[in-house]
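Remarks on the structure that follows.
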Amino acid sequence: MWLTRPFRERSTRLFLGILLAALGLVTLLNLALPEGHPLHVSTYTVTLLGKYLSYALLAVAVDLVWGYLGILSLGHGAFFALGGYAMGMYLMRQIGDRGVYGDPVLPDFMVFLDWQSLPWYWHGFDMAAIAFLMVLLAPGLLALVFGFLAFRSRVTGVYLSIITQAMTFALMLAFFRNEMGFGGNNGLTDFRELLGFDLRSDATRLGLFLATGIALALGYVLCRAIVASKLGRVSVACRDAEARTRFLGYRVERVQLFVFVVSAMLAGVAGALYVPQVGIINPSEFSPIFSIEVVLWVALGGRATLYGAVIGALLVNYAKTVFTGVMPDAWLFALGGLFVLVTVFLPRGVAGLFAYRRRPAEDTQPTAKEASA
Amino acid sequence: MNFLASLADRERVFDFLVPAASPVDVRHGPILYLEDVTVSFDGFRAIDGLDLTIDDGELRCIIGPNGAGKTTMMDIITGKTRPDTGSVWFGSRHDLLTMNEPEIASLGIGRKFQKPTVFEALSVFENLELAMAADKRILPTLTARMSGEIRERIEEVLATIGLTELQSRPAGILSHGQKQWLEIGMLLMQRPRLLLVDEPVAGMTEQEMERTAELLTGLAGKGKQSVVVVEHDMGFVRSIARTVTVLHQGRVLAEGSMDQVANDPKVIEVYLGAEEEVA
């Protein structure tokens, strides 16, 4: 089975081991130690870590298309935000008549805008199954249409990066409009319950953190399985010599489309897990700057390793939290400085430190022996 | 009415039902047939009324000075460039002008580029694996497994091209000559009917050239591959060629055995004379 192939790799087992141990440790320190104990992890921190983990999943999705397919997407924030909005819509419908205006069906912002009925695309979002399906479908469909048009016309390189930027920017402007029916610039917020669990309770917050960690583990295994398959090697071939791959008889545009859609769906899941933890989704998630920042995480962590993306996302976001607490104005300078330092001294990112003896590309594939097993 | 009757005819096989990748029909002799092909780039006629026939199992050398249209001809056969006029047939069933690059490749036309392009980040073994004739759609590729049969086939080709020891090294570390070998190996993995080889010995040592000659002559044969070699090196062409075609300014200048061609005054004038003097 191609999906179980990653479990045979030492690096994957190591990654999963560390991730699961960290999840367990945080849970233990949160539940077992009393508040005030120096090692106690507060629920606030747990939620913060959960947010980092959802960012890490987004970074893995970006690394899949950038590291292994050579497509530098500067618009992955759009897929993240769409997944987030799908989850937000579900959470809005869960509020029911407990909103400020007490309307049993309409979310508060619709009542405020004096809307009489629910727009058609809000129907069904009161059901978790449909909403969760949309978490995958909305980003997946956007990626399918966008990718189909772009890859069919053989748009690659810088041009593709620019139009992904344009895509997320256009979506941001659209979602800012009140008439779109997604809450305009305030977005969706004031969530109360997820699947009947109170979002403000400590147990739910811990549960969300664990769910995000498990989603990251599964997403990582899925990406690793793709990368370790023959299709993964074809992706690397497309990345390095697109025309040559075409002459071998592979439909390069379909390979690109498949991987791009999978990546967009993963980004959507990341967004859906992000929203209940931060408690709000608004159009700023579509902002081009955010998408560029995600690419920076991956570059800092180490491209084409997957675990590097996770390391980069966690490190940069932790640094961001610390910096914006101590001196908020200096953060962008620090990020820029960090990027320069890593580019100069660690051209293969932080992950390059661990794998300095191997070439990054050798990482992308099993040896002949493993492949035959 | 005729149309309706034809629809009702139970014996009729509609065109769209005939599988596109049906085997190449070489009963009439030629495996590749170019007729009156013309291509211009911004008014410059790179190919000008070219006629060329390659028989099944033939090893053909194509020579010609720079700008004679050799590479453009390869581009047309593989679907990279569309000619302005003319027709290109693979066997007597497949009109190559109606097909795109992957379709032509899967039909059994393999091409070795002038500059060796291998996938440098992948190992030698994996380069051959990707080149192998297989179901190249997305899901079969995703779930593909390495069977013993495939492994044997890859190892067989590794032995042929002499890279068995380097199989798990990234292709990026190979020398120029070894990359050329790997490319030929990748072509062999595709089990092509027709091999287009662009300057196979450029930058090779004398010894490597000899092995390449052996390899290419061993490949061509009835029921096996037909091989078309484009080459500048006259010594190499002389060592392998049975039939030589001389291109000049986008058309065939002369065709025949190496001796015939070498004694053709037109050829001596445009190409060989200058070449021999240098040599």
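Residue numbers (my numbering), protein chains in the order written: chain R, 1 to 373; chain P, 1001 to 1279. Ideal Cβ placement from N, Cα and C applies to all residues, glycine included. Only a predicted model underlies this, so the values are computations on that prediction, with no experimental measurement involved.
task = Please classify residue 1198 (chain P): does DSSP put it in a helix, a strand, or coil?
result = The residue labelled residue 1198 (chain P) in the question sits at position 198 within the second sequence. DSSP places residue 1198 (chain P) in strand when its eight states are reduced to three.
ask   = Helix, strand or coil: how does DSSP classify residue 54 (chain R) here?
value = Taking the first residue of the first sequence as position 1, residue 54 (chain R) is located at position 54. In this structure, residue 54 (chain R) counts as helix in the three-state DSSP scheme.
task = State the beta-bridge partners of residue 1255 (chain P) as determined by DSSP.
result = Indexing the second sequence from 1 puts residue 1255 (chain P) at position 255. In DSSP, residue 1255 (chain P) forms a bridge with P:1245.
ask   = Could you give the C-beta distance for residue 1110 (chain P) and residue 1190 (chain P), rounded to a whole number, given that I count them as a contact under 8 Å?
value = Within the second sequence, residue 1110 (chain P) is the residue found at index 110, counting from 1. Within the second sequence, residue 1190 (chain P) is the residue found at index 190, counting from 1. With a Cβ gap of about 5 Å, residue 1110 (chain P) and residue 1190 (chain P) count as contacting.
ask   = Is it a yes or a no for the region 170 to 177 of chain R touching the region 282 to 302 of chain R, going by three-plus beta-carbon pairs under 8 Å?
value = These segments touch.
request  = Write down every uninterrupted run of the beta strand (DSSP E) in the region 205 to 260 of chain R whose length is 3 residues or greater and which is fully enclosed by it, in chain order.
outcome  = Segments of the beta strand (DSSP E) lying fully in the region 205 to 260 of chain R: there are none.
message = For residue 10 (chain R), count the other beta carbons within 10 Å of its own beta carbon; 16 or more makes it buried, fewer makes it exposed. Which is it?
response = Start at 1 with the first residue of the first sequence, and residue 10 (chain R) comes out as number 10. Classification for residue 10 (chain R): exposed.
ask   = Should residue 1111 (chain P) be flagged as near chain R, meaning a C-beta pair shorter than 7 Å?
value = One-based indexing of the second sequence puts residue 1111 (chain P) at position 111. For residue 1111 (chain P), a Cβ of chain R is located within less than 7 Å of the residue's own Cβ.
inquiry  = Tell me which residues share the same chain as residue 1261 (chain P) and place their Cβ nearer than 7 Å to its Cβ, disregarding the 5 neighbours each side in the sequence.
reply    = Mapped onto the second sequence, residue 1261 (chain P) falls at position 261. Leaving aside the five residues that flank residue 1261 (chain P) on each side, the residues in its chain whose CB is nearer than 7 Å to its CB run, in chain order, 1244, 1246, 1254 and 1267.
key: residue 60 (chain R) and residue 238 (chain R) closer than 7 Å at C-beta   = The residue you call residue 60 (chain R) lines up with position 60 of the first sequence. The residue you call residue 238 (chain R) lines up with position 238 of the first sequence. Residue 60 (chain R) places its beta carbon 7 Å or farther from that of residue 238 (chain R).
ask   = Does the beta carbon of residue 1085 (chain P) sit closer than 7 Å to a beta carbon anywhere in chain R?
value = Taking the first residue of the second sequence as 1, we reach residue 1085 (chain P) at position 85. Not one chain R Cβ lies under 7 Å of residue 1085 (chain P).
message = Quick check: residue 132 (chain R) and residue 93 (chain R), are their CB atoms within less than 7 Å of each other?
response = For the purposes of this step, residue 132 (chain R) is taken as the residue at position 132 of the first sequence. For the purposes of this step, residue 93 (chain R) is taken as the residue at position 93 of the first sequence. In this structure, the beta-carbon distance from residue 132 (chain R) to residue 93 (chain R) does not fall below 7 Å.
query = Does DSSP put residue 320 (chain R) in a helix, a strand or coil?
reply = Stepping through the first sequence from its first residue, residue 320 (chain R) is reached at position 320. Helix.
ask   = Between the region 241 to 269 of chain R and chain P, which residues of the former have CB atoms less than 7 Å from a CB of the latter, in chain order?
value = Closer than 7 Å at the C-beta level to chain P, one finds these residues of the region 241 to 269 of chain R: 241, 244, 246, 247, 248, 249, 250, 251, 254, 255 and 258.
query = Using the beta-carbon count (16 or more within 10 Å), is residue 1062 (chain P) buried or exposed?
reply = Reading the second sequence from its first residue, position 62 is the one you call residue 1062 (chain P). Residue 1062 (chain P) sits buried, since 16 or more C-beta atoms from the chains shown fall within 10 Å of its C-beta.
key: Candidates R:259, R:192, R:334 and R:306, of which the one nearest residue 217 (chain R) by Cα   = Counting from 1 along the first sequence, the entry for residue 217 (chain R) is found at position 217. Per the Cα distances, R:306.
message = Taking 8 Å as the limit between beta carbons, can you name the residues of its chain near residue 29 (chain R), skipping five residues before and five after?
response = For the purposes of this step, residue 29 (chain R) is taken as residue 29 along the first sequence, with counting starting at 1. Here the set comprises 39, 40 and 41.
query = Do we get a CB-CB distance below 7 Å when we pair residue 233 (chain R) with the residues of chain P?
reply = Reading the first sequence from its first residue, position 233 is the one you call residue 233 (chain R). Judged by the 7 Å Cβ criterion, residue 233 (chain R) is in contact with chain P.
message = Can you check which of these residues, R:18, R:52 and R:26, is closest to residue 316 (chain R) by C-alpha distance?
response = Here residue 316 (chain R) corresponds to residue number 316 of the first sequence, with the count starting at 1. Comparing Cα positions, the closest option is R:52.
request  = With a threshold of 16 other CB atoms inside 10 Å of the CB of residue 253 (chain R), please say whether the residue is buried or exposed.
outcome  = In the first sequence, residue 253 (chain R) corresponds to position 253, counting from 1. So residue 253 (chain R) ends up on the buried side.
Residue 278 (chain R) at chain P interface by Cβ criterion, 7 Å = The count along the first sequence starts at 1 and reaches residue 278 (chain R) at position 278. Taking Cβ atoms only, chain P never reaches closer than 7 Å to residue 278 (chain R), which makes this a no.
message = Given this structure, state the Cα-to-Cα distance separating residue 1133 (chain P) from residue 1106 (chain P), to the nearest angstrom.
response = The residue given as residue 1133 (chain P) occupies position 133 in the second sequence. The residue given as residue 1106 (chain P) occupies position 106 in the second sequence. Their backbone Cα atoms lie some 8 Å apart in a straight line.
query = Going by DSSP, which residues form a beta bridge with residue 1220 (chain P)?
reply = Residue mapping note: residue 1220 (chain P) aligns to position 220 of the second sequence, counting from 1. Under the DSSP definition of a beta bridge, residue 1220 (chain P) partners with P:1225.
inquiry  = Using beta carbons (cut-off 7 Å, strictly below), is residue 320 (chain R) in contact with chain P?
reply    = Reading the first sequence from its first residue, position 320 is the one you call residue 320 (chain R). Taking 7 Å as the CB threshold, residue 320 (chain R) stays off the interface with chain P.
ask   = For residue 1156 (chain P), which residues in chain R fall below 8 Å Cβ to Cβ?
value = As a working mapping, residue 1156 (chain P) is identified with position 156 in the second sequence. Using a Cβ-Cβ cut-off of 8 Å, residue 1156 (chain P) is close to nothing in chain R; its nearest Cβ partner there is about 15 Å away.
query = Should residue 351 (chain R) be flagged as near chain P, meaning a C-beta pair shorter than 7 Å?
reply = On the first sequence, residue 351 (chain R) is found 351 positions in, with the first residue counted as 1. No, residue 351 (chain R) does not count as interfacial toward chain P.
ask   = Using 7 Å as the limit for Cβ to Cβ distance, is residue 1119 (chain P) near chain R?
value = Taking the first residue of the second sequence as 1, we reach residue 1119 (chain P) at position 119. Look at residue 1119 (chain P): its C-beta is under 7 Å from a C-beta on chain R.
ask   = What are the boundary residues of the beta strand (DSSP E) that includes residue 1070 (chain P)?
value = As a working mapping, residue 1070 (chain P) is identified with position 70 in the second sequence. Secondary structure note for residue 1070 (chain P): it is in no beta strand (DSSP E), and the uninterrupted alpha helix (DSSP H) holding it is 1070 to 1078.
query = Looking only at DSSP bridge pairs, what is residue 1044 (chain P) linked to?
reply = Counting from 1 along the second sequence, the entry for residue 1044 (chain P) is found at position 44. When beta bridges are read from the DSSP output, residue 1044 (chain P) appears opposite P:1041.
ask   = Assuming residue 1127 (chain P) contacts residue 1182 (chain P) under a Cβ cut-off of 8 Å, what Cβ separation, rounded to an integer in Å, is found between them?
value = Position 127 of the second sequence, counted from the start, is the residue given in the question as residue 1127 (chain P). Position 182 of the second sequence, counted from the start, is the residue given in the question as residue 1182 (chain P). Between the beta-carbon of residue 1127 (chain P) and that of residue 1182 (chain P) there is about 6 Å, and that keeps the pair under the 8 Å contact cut.
ask   = Helix, strand or coil: how does DSSP classify residue 1115 (chain P) here?
value = Position 115 of the second sequence, counted from the first residue, corresponds to residue 1115 (chain P). Judged by DSSP in its simplified three-state form, residue 1115 (chain P) adopts coil rather than helix or strand.
message = Run through the DSSP bridge pairs and tell me what residue 291 (chain R) is partnered with.
response = Indexing the first sequence from 1 puts residue 291 (chain R) at position 291. According to the DSSP secondary-structure assignment, residue 291 (chain R) is paired through a beta bridge with no residue.
key: Which of helix, strand or coil DSSP assigns to residue 1033 (chain P)   = For the purposes of this step, residue 1033 (chain P) is identified with residue 33 of the second sequence, where counting begins at 1. Three-state result, residue 1033 (chain P): strand.
key: Contact set between residue 237 (chain R) and chain P, taken where Cβ atoms lie within less than 8 Å   = For the purposes of this step, residue 237 (chain R) is taken as residue 237 along the first sequence, with counting starting at 1. Under the 8 Å cutoff, chain P gives 1119, 1122 and 1130.
ask   = Around the Cβ of residue 139 (chain R), are there at least 16 other Cβ atoms within 10 angstroms (buried) or fewer (exposed)?
value = Against the first sequence, residue 139 (chain R) aligns to sequence position 139. Counting the other CB atoms within 10 Å of its CB gives residue 139 (chain R) a total of 16 or more, which places it among the buried residues.
request  = Give me whichever residues DSSP pairs with residue 1087 (chain P) in a beta bridge.
outcome  = For the purposes of this step, residue 1087 (chain P) is taken as residue 87 along the second sequence, with counting starting at 1. Answer is P:1035.
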